[in-house]
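Chains as they are written, first to last, in the working numbering: chain Y, 224 to 421; chain R, 5 to 270.
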């Protein structure tokens with residue numbers, strides 16, 4: 224899979240240079256190369272400010288497109304969706320932007336098929352589906368578009384979110400005015416109910 | 005302009021009926037009042053009633069992994085479950101022809117198991133988010149219940165919802181007890197407002213609870229009595245300059261009127 228352009232700090236050095244201030248923090252000179260010896264892997268560093276090794280999502284799930292792996296397929300689809308949304312964000316034409324969003328919307332049922340990745344993933348895709356459906360064709364506002372793009376992009380880097388983490392992202396959808404719930408869920412409740420009738 | 009003392013049905017319309025005319029009506033209604041007061045008793049009833057039912061529906065979807073089976077199961081339970089049986093029957097009937105008419109459903113997916121997961125996730129999200137919003141919909145939250153702890157619903161390892169506690173602490177007297185017993189004339193007026201020959205269980209329980217409070221003022225008010233008082237609690241504690249805001253005027257209006265107060269619909 225190709226890189227999404229997600230910026231992850233990279234450090235390349237066979238020998239870590241340490242700051243002379245006794246903090247144990249690594250120092251990187253301006254002239255040092257920041258290219259990783261192996262694409263997507265950040266070497267381990269020591270000291271109080273040490274970073275855990277970070278492996279890019281594409282490196283972690285490096286596989287041939289078309290593979291049967293759920294996560295690889297989901298990441299591919301998420302990339303397609305976030306690329307479409309990025310194009311929509313950059314578009315000067317509201318019409319073209321809306322067309323891109325519609326195309327991203329069409330990917331949601333396919334993305335939902337990979338909900339086995341976790342309930343955080345599932346709840347985000349599901350809520351986005353309701354959020355877009357409840358607009359009844361009205362194009363996303365710029366704030367909504369940015370939020371959807373940002374969250375799908377984040378989901379691609381952290382596909383195994385917990386339900387709680389997913390719900391936090393759903394609250395972000397809501398905060399920008401998307402109605403993320405099924406419109407027919409309220410009819411399931413009896414009129415004028417109260418707990419005392421039990 | 006009076007204030008509104010918000011009852012459970014209005015809380016339910018706002019929190020659990022998203023994208024519906026009822027939600028819009030209830031939300032708009034709150035703007036009519038200078039102050040909107042949400043008693044914690046409403047939160048307690050809402051959690052033990054409507055939210056509990058949504059959690060049941062969620063758990064049924066977890067258990068059956070089937071949208072149509074869940075709807076059929078709930079439909080079979082009929083009335084008394086608070087899940088709208090007619091709507092459920094209608095949904096269940098069409099659920100069997102899911103493939104033929106997938107457009108009838110708002111959920112994501114065309115298959116029965118996909119629809120089940122779509123609604124399961126939607127319910128989990130709605131239950132947790134609505135809980136977090138409960139104290140934000142009115143200008144004030146009033147009449148705290150020191151004997152009741154508000155704990156956020158959570159999904160357990162088994163995938164089922166845990167909504168405990170739904171009741172007050174049973175070891176201590178209901179914190180509303182002393183305030184109720186301090187005004188026996190109001191309790192008597194409320195008791196008289198309930199038809200003596202009513203065949204509704206909730207009316208009978210309420211009359212009984214009021215009678216017990218009047219006859220045994222030294223007894224501790226337990227949580228069952230507090231719960232049986234139900235709608236009478238709203239009329240009793242609603243401030244004089246406020247109205248009980250409810251969609252259930254049939255039950256609340258006579259009680260409020262009996263003690264010189266008023267109930268209004270959204």
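Built from N, CA and C at the ideal position, the CB exists for glycine as well. Note that the structure is a prediction, hence the values are computed from the model and not measured.
- For residue 228 of chain R, none of the residues of chain Y pass the 7 Å Cβ criterion, the least Cβ distance being about 10 Å.
- Straight through space, the alpha carbons of residue 320 of chain Y and residue 50 of chain R are spaced by roughly 42 Å.
- Residue 257 of chain R has a beta carbon lying at 8 Å or more from every beta carbon in chain Y.
- Residue range 44 to 50 is occupied by the alpha helix (DSSP H) that includes residue 44 of chain R.
- Look at residue 162 of chain R: its C-beta is not under 8 Å from any C-beta on chain Y.
- In the DSSP assignment, residue 203 of chain R falls outside any beta strand (DSSP E), carrying neither H nor E.
- Check the Cα spacing between residue 7 of chain R and each of R/33, R/29, R/175 and R/217: the tightest is with R/33.
- Within the same chain, and ignoring the five residues on either side of residue 406 of chain Y in sequence, the residues whose Cβ sits closer than 7 Å to its Cβ are 357.
- A distance of 8 Å or more separates the beta carbons of residue 299 of chain Y and residue 372 of chain Y.
- Per DSSP, the unbroken beta strand (DSSP E) holding residue 146 of chain R starts and ends at 144 to 146.
- Residues of the same chain with a CB within less than 6 Å of the CB of residue 399 of chain Y, apart from the 5 flanking positions on each side, are 366, 367 and 370 in chain order.
- In the DSSP annotation of this structure, the continuous segment of the beta strand (DSSP E) that includes residue 7 of chain R starts and ends at 7 to 10.
- For residue 75 of chain R, no beta strand (DSSP E) encloses it; the enclosing alpha helix (DSSP H) starts and ends at 71 to 81.
- For residue 174 of chain R, the closest alpha carbon among the candidates R/130, R/36, R/239 and R/229 is that of R/229.
- Put simply, the CB of residue 382 of chain Y is far from chain R, with every gap to its CB atoms at 8 Å or more.
- Put simply, the CB of residue 409 of chain Y is near chain R, with a gap under 8 Å to one of its CB atoms.
- Chain-ordered listing is empty here: chain Y has no CB closer than 8 Å to the CB of residue 79 of chain R, the nearest sitting near 11 Å.
- Three or more Cβ pairs closer than 8 Å define a contact, and the region 384 to 404 of chain Y falls short of that threshold against the region 8 to 15 of chain R.
- Taking 8 Å as the threshold, the shortest C-beta distance from residue 132 of chain R to chain Y falls below it.
- Proximity of residue 159 of chain R to chain Y, defined by a Cβ-Cβ separation below 8 Å, is satisfied.
- At a cut-off of 8 Å between beta carbons, residue 352 of chain Y contacts chain R.
- A straight line joining the alpha-carbon of residue 254 of chain R with that of residue 355 of chain Y spans about 39 Å.
- Take the alpha-carbon of residue 120 of chain R and the one of residue 71 of chain R: they are about 4 Å apart.
- Contact check between the region 250 to 268 of chain R and the region 227 to 242 of chain R: three or more CB pairs, one atom from each, fall below 8 Å, which counts as touching.
- Rounded to the nearest whole angstrom, the C-alpha separation of residue 192 of chain R and residue 185 of chain R is 11 Å.
- Between the C-alpha atoms of residue 117 of chain R and residue 295 of chain Y there is a straight-line separation of about 23 Å.
- Counting every other CB atom within 10 Å of its CB across the protein chains shown gives residue 80 of chain R a total below 16, marking it as exposed.
- By the criterion of a C-beta distance shorter than 8 Å, residue 177 of chain R is surrounded in its chain by 151, 224, 225 and 226, once the five residues flanking it on both sides are discounted.
- In the structure shown, the three-state DSSP call for residue 246 of chain R is strand.
- Take residue 170 of chain R, set aside five residues on each side of it, and the residues of its chain with a beta-carbon closer than 8 Å to its own are 48, 51, 52 and 56, in chain order.
- Per DSSP, residue 55 of chain R has no beta bridge partner at all.
- Around the beta-carbon of residue 339 of chain Y, fewer than 16 other beta-carbon atoms lie within 10 Å, marking it exposed.
- Residue-level contact check: residue 400 of chain Y does not touch chain R, since none of the beta carbons of chain R fall below 8 Å from its beta carbon.
- Here residue 39 of chain R has 7, 143 and 144 as same chain residues with Cβ atoms under 7 Å from its own Cβ, once five neighbours each way along the sequence are excluded.
- Cβ-Cβ separation between residue 126 of chain R and residue 197 of chain R: approximately 41 Å, too far for a contact (criterion under 8 Å).
- Residue 268 of chain R carries a strand assignment under DSSP once its states are collapsed to helix, strand and coil.
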